[in-house]
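Residue numbers (this note's numbering): 7 to 402. Have a look at the structure below before the remarks.
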């Protein structure tokens with residue numbers, strides 16, 4: 007018999023520009039973790055395992071982080087999966103509960119980042135993205151731009167060439183997400199821009215302008231995951247949200263044989279993860295109303311519409327133009343402002359997405375609230391690579 011799994015508590019910090027606030031990762035973790043435990047009504051000594059995600063940090067930083075919440079001798083597992091680190095911690099916590107190994111686990115993620123574009127930490131060994139870049143360089147010219155916008159910008163160019171997608175359609179995604187973030191007190195940016203502002207911003211790598219790119223950020227997020235038995239025993243049904251389906255997928259051979267920038271940035275990983283998560287949940291894209299997806303760049307949001315089944319292949323631009331990705335449309339995508347405007351502290355992003363969707367399903371998202379939410383979808387991806395897709399529904 008399959009064990010049902012639930013999010014019973016979530017919490018996060020406001021995401022901040024690196025260096026703009028005097029805090030360190032233990033402070034971030036304490037704030038987000040305490041909020042999640044209080045939201046669940048669960049004391050830390052009831053947590054049986056903790057999965058702690060971060061990309062930039064020293065070994066056992068996970069222990070140092072959760073020791074701010076308590077020191078109880080439980081297993082603490084450090085997690086690093088590039089930009090999908092937070093949702094990987096969530097995946098592992100849910101897996102521990104679903105397997106019956108534990109009844110209550112904590113997933114926590116944080117990041118204290120350097121200013122500016124992402125770069126490598128170690129220069130004396132092969133970079134994990136080298137094989138991806140070797141495949142991409144012959145397809146699209148690289149002029150020394152930061153690698154991430156180059157890769158996702160190239161994927162956008164490929165979509166334009168194959169399907170006629172326009173730079174304005176990508177810009178509309180940046181415009182939408184900045185507009186959504188105005189109502190999110192946790193967002194790093196809460197300023198609305200006009201579409202002309204988005205298009206006129208500094209070009210990073212065509213078709214991407216600066217206001218279509220996620221910033222580096224500091225911050226933390228956390229979630230408490232529990233079994234049905236634990237929810238029953240502690241009478242947590244009033245706050246429980248069910249994880250109905252979840253899948254993690256890494257690169258398949260197609261990544262390196264398709265000769266496609268779109269595949270190299272994980273579109274097929276995302277599609278396969280979505281198919282598997284939908285199958286477990288017994289739900290599909292038509293059964294959700296709100297989506298938090300990995301818009302590290304506006305191009306990736308459009309590609310992900312198609313990977314998640316919100317639009318047919320090649321028709322992501324039509325979805326943008328129809329308005330079916332925002333309030334009043336078929337889905338509300340990234341009501342939080344997404345990575346573009348909420349921010350992207352790598353280890354925390356997946357857990358911030360989980361927090362937003364939990365609030366949406368509970369009806370606690372304040373001015374961001376989507377009407378009549380009965381299903382929610384989360385997508386988080388890290389190149390190198392891993393994609394995690396999670397389907398949520400009300401506990402009862």
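Virtual Cβ for every residue (Gly too), placed ideally from N, Cα, C.
Asked: Proximity below 9 angstroms, CB of residue 270 to CB of residue 297; Found: no
Asked: Backbone CA spacing between residue 114 and residue 277 [nearest angstrom]; Found: 26 angstroms
Asked: Residues sharing a beta bridge with residue 398, DSSP; Found: 249, 382
Asked: Boundaries (first-last residue) of the beta strand (DSSP E) holding residue 294; Found: Neither: residue 294 is in no beta strand (DSSP E) and is coded neither H nor E.
Asked: Cα-Cα separation between residue 397 and residue 265, rounded to whole angstroms; Found: 31 angstroms
Asked: Within 9 angstroms, strictly: CB atoms of residue 295 and residue 378; Found: yes
Asked: Buried or exposed (CB count within 10 angstroms, at least 16 for buried), residue 49; Found: exposed
Asked: Span separating the alpha-carbon of residue 351 from that of residue 154; Found: 15 angstroms
Asked: Neighbour-count burial assignment, residue 341, 16 or more Cβ in a 10 Å radius; Found: buried
Asked: Residue interval of the alpha helix (DSSP H) (run including residue 189); Found: Here residue 189 belongs to no alpha helix (DSSP H), and DSSP marks it neither H nor E.
Asked: Same chain, Cβ closer than 7 angstroms to residue 284, neighbours up to 5 away in sequence not counted; Found: 251, 290, 397
Asked: C-beta contact flag for residue 310 and residue 273 at 9 angstroms; Found: yes
Asked: Segment limits, alpha helix (DSSP H) that includes residue 287; Found: 273 to 287
Asked: Euclidean distance between Cα positions of residue 4 and residue 91; Found: Coverage of the chain is limited to positions 7 through 402, which leaves residue 4 absent and any answer about it impossible.
Asked: C-alpha gap between residue 286 and residue 103, whole angstroms; Found: 16 angstroms
Asked: Reference residue 109, options 144, 234, 349, closest by Cα; Found: 234
Asked: Meets three-Cβ-pair contact criterion under 8 angstroms: the stretch 235 to 249 and the stretch 13 to 29; Found: yes
Asked: Contained alpha helix (DSSP H) runs [length at least 4] in the stretch 13 to 63, N- to C-terminal order; Found: 31 to 46
Asked: N-terminal and C-terminal residue of the beta strand (DSSP E) that residue 312 is part of; Found: It is not in any beta strand (DSSP E) - residue 312 instead sits in the alpha helix (DSSP H) that spans 304 to 313.
Asked: Proximal residues to residue 365 (C-beta, below 6 angstroms), its chain only, five neighbours per side dropped; Found: 371
Asked: Contact under 9 angstroms by Cβ, residue 240 with residue 106; Found: no
Asked: Coarse secondary structure for residue 211, derived from DSSP in three states; Found: strand
Asked: Boundaries of the beta strand (DSSP E) in which residue 113 is found, first to last residue; Found: 110 to 117
Asked: Where residue 147 falls, given that 16 or more other Cβ within 10 Å makes a residue buried; Found: exposed
Asked: Residue 18 and residue 367 closer than 9 angstroms at C-beta; Found: no
Asked: Same chain, Cβ closer than 6 angstroms to residue 293, five either side skipped, listed in chain order; Found: 381
Asked: Where residue 327 falls, given that 16 or more other Cβ within 10 Å makes a residue buried; Found: exposed
Asked: Span separating the alpha-carbon of residue 375 from that of residue 53; Found: 30 angstroms
Asked: Distance, residue 62 Cα to residue 215 Cα; Found: 26 angstroms
Asked: Unbroken alpha helix (DSSP H) run spanning residue 77, endpoints; Found: Residue 77 -> no alpha helix (DSSP H), and no H or E assigned at all.
Asked: Contact the stretch 206 to 213 vs the stretch 69 to 76: 3+ CB pairs below 8 angstroms; Found: no
Asked: Residue 59 versus 363, 353, 140, 320, residue with shortest Cα-Cα distance; Found: 353
Asked: Bridge partners - residue 224, DSSP secondary structure assignment; Found: 22
Asked: Beta-carbon proximity list for residue 119, same chain, < 7 angstroms, skipping 5 on both sides; Found: 24, 62, 222, 223, 224, 351
Asked: 6 angstroms CB neighbourhood of residue 171 in its chain, flanking five on each side removed; Found: 165, 323
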